[in-house]
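Numbering (the working numbering), first residue to last: 2 to 242. Structure record follows, encoded as structure tokens.
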């Protein structure tokens, strides 16, 4: 019963964002909620029950007419039918994934640089400046550049979690963990969809994808973490929380 209020508080913006429609941003809030509830002390078996209920709700959302846009359903269907290239559905809705995997596959270990060869390879890749910026990085800078980028993201998220460990005040620690989870989920979802491991949703890569609102929110979230790490509030208990 204690999980009812946090879930209700989260589902309100989820439903409003889905109404836009923006399925990617709406789904981003759900793993954040689970991580924060787990860190706050929720029992795993209770979260597991809620996760099963959420899976059932997702199936209802998919199969009941009018709750999801048809193009969103087609993206999921096309992802599940990968390999069946004889169907028009897969050819039409998996074009972006196939182009992305082709760009990634043609990148060498050191990459092709930022010259004419890279521009020629990217000309058929849609949204390469925003959601599909990662294949551009791989083709331009190769496996070495992508590995370095991945390591920088892991270091960045690790430093945020290190800040969370230093904070003994509950709300500050939850805030830092939430921001780390936000960046981690964005990174995993973006990399997964550009490599064909997840269905395509609108998900920018933090600090790399084109877009002013994403950059602004990312810096605001990072500013909150810096504030929590530099300001030591009044402690309500002697031990660590």
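Every residue, glycine too, gets a C-beta built ideally from N, C-alpha and C.
Pick from 135, 184, 33: whose alpha carbon is nearest that of residue 154? Start at 1 with the first residue of the chain shown, and residue 154 comes out as number 153. Among 135, 184, 33, the Cα nearest to that of residue 154 belongs to 184.
Helix, strand or coil at residue 202 [DSSP, three-state]: Sequence index remark: in the chain shown, residue 202 carries index 201 (1-based). Coil at residue 202, not helix or strand.
Burial state of residue 172, where buried means 16 or more other Cβ atoms lie within 10 Å: Taking the chain shown and counting its residues from 1, the one referred to as residue 172 is at position 171. Burial call: exposed.
Near residue 77, what residues of its chain come up, given a Cβ to Cβ distance below 6 Å and the 5 sequence neighbours on each side ignored? Counting from one through the chain shown, the residue named residue 77 turns up at place 76. Correct list, in chain order: 200.
Are there 16 or more other CB atoms within 10 angstroms of the CB of residue 133, so buried, or fewer, so exposed? Position 132 of the chain shown, counted from the first residue, corresponds to residue 133. Flag for residue 133 reads buried.
Per the contact definition of three or more C-beta pairs closer than 8 Å, is the stretch 135-149 in contact with the stretch 215-229? no
Pair within 9 Å by beta-carbon distance, residue 6 and residue 34: On the chain shown, residue 6 is found 5 positions in, with the first residue counted as 1. On the chain shown, residue 34 is found 33 positions in, with the first residue counted as 1. No. Outside cutoff.
The alpha helix (DSSP H) with residue 32 in it runs from where to where? Along the chain shown, read from residue 1 onward, the residue named residue 32 stands at position 31. Run containing residue 32: 24-41, per the alpha helix (DSSP H) assignment.
Using only CA atoms, which one of 195, 147, 181 lies nearest to residue 160? Locating residue 160 in the chain shown gives position 159, where the first residue counts as 1. If we check each option's Cα against that of residue 160, 181 comes out closest.
Around the Cβ of residue 50, are there at least 16 other Cβ atoms within 10 angstroms (buried) or fewer (exposed)? Here residue 50 corresponds to residue number 49 of the chain shown, with the count starting at 1. Label assigned to residue 50: exposed.
Which residues bound the alpha helix (DSSP H) around residue 163? Locating residue 163 in the chain shown gives position 162, counting from the first residue. Segment 134-167, the alpha helix (DSSP H) holding residue 163.
May I have the straight-line CA-CA distance separating residue 221 from residue 12, to the nearest angstrom? For this step, residue 221 is matched to residue 220 along the chain shown. For this step, residue 12 is matched to residue 11 along the chain shown. Each residue's alpha carbon lies about 23 Å from the other.
Please tell me whether residue 48 and residue 10 are closer than 9 Å, where the distance is taken between their beta carbons. For the purposes of this step, residue 48 is taken as the residue at position 47 of the chain shown. For the purposes of this step, residue 10 is taken as the residue at position 9 of the chain shown. No, the Cβ-Cβ distance between residue 48 and residue 10 is not below 9 Å.
Can you tell which of 146, 163, 16 has its C-alpha closest to the C-alpha of residue 110? For this step, residue 110 is matched to residue 109 along the chain shown. Ranking the options by Cα distance to residue 110, first place goes to 146.
DSSP state of residue 207, grouped into three classes? For the purposes of this step, residue 207 is taken as residue 206 along the chain shown, with counting starting at 1. Of the three classes helix, strand and coil, the one that applies to residue 207 here is coil, per DSSP.
Could you give the residue range of the alpha helix (DSSP H) that holds residue 214? In the chain shown, counting from the first residue as 1, residue 214 sits at position 213. Counting along the chain, the alpha helix (DSSP H) containing residue 214 begins and ends at 213-231.
Hey, how far is the Cα of residue 58 from the Cα of residue 208? Locating residue 58 in the chain shown gives position 57, where the first residue counts as 1. Locating residue 208 in the chain shown gives position 207, where the first residue counts as 1. About 33 Å.
Which two residues bound the contiguous alpha helix (DSSP H) that contains residue 107? In the chain shown, counting from the first residue as 1, residue 107 sits at position 106. Careful: residue 107 lies outside any alpha helix (DSSP H) and carries neither H nor E.
Is any beta-carbon of chain C found at less than 9 Å from that of residue 69? Absent from the structure is chain C; it holds one protein chain and no more.
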